[in-house]
Amino acid sequence: MEGKDLQELRELVEFLKASGIAEFEIERPDLKVGLRFAGETPAAGASGIDAVQLAALLAAAKGASTAAPVPAAAAVNIAASAETVAAAAVEADPHAGAHIVKSPIVGTFYDAPSPDAEQFVQVGDKVSVGKVLCIVEAMKLMNEIESDAAGEIVKVFVKPGQPVEYGQALFAVKQ
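Okay, so the sequence shown: first residue is 0 according to numbering that gives the first Met the number 0, each after it adds one.
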């Protein structure tokens, strides 16, 4: 482990201790870090983590390498439960459980058929499958994007005139 990686791991351990989190695990293709503090009950404190803290945890763990074992001085156990992190991630995402309508093409997002027309949908509107939610303009063609789920619009992720990518989240629909 490089000195910087080791320092980030130490900062992560200190943050977890200070936050009262008993277990933490992150797994990526090139990284697996699991922490369990002695004397704590599993998943203690996990429900108190917020999105900012989770982002800090993930950023701190990102630079760590699996090329060398975690030092004993860190007082960690590499067999923590993934459920702890999953529970924290669900709590950090207010749209968990909502269906995300994604852009099927690259183009420019419009929420109304013309600049002076009323929006297709707004937050709080009930929609059914097939309801036109927006237009994505691609190569001077106006492509109507329809809802592929029924429910209530709880979030619009883009603004009118904003470019969108293939697969980018456009709407969150709570069923």
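Backbone N, C-alpha and C define an ideal beta-carbon position, used for all residues, glycine too. Owing to the predicted nature of the structure, the values given are computational and were not obtained by experimental measurement.
- For residue 137, the uninterrupted beta strand (DSSP E) segment begins and ends at 131-137.
- The residue among 116, 8, 143, 100 with its C-alpha nearest the C-alpha of residue 153 is 100.
- Taking every protein chain shown into account, the CB of residue 102 has 16 or more other CB atoms within 10 angstroms, so this residue is buried.
- Here DSSP, grouped into helix, strand and coil, assigns residue 12 to helix.
- By the CB criterion at 8 Å, residue 34 and residue 22 fall inside the cutoff.
- Of the candidates 115, 96, 144, 128, the residue whose Cα lies closest to the Cα of residue 107 is 144.
- In the DSSP secondary-structure assignment, residue 109 is bridged to 134.
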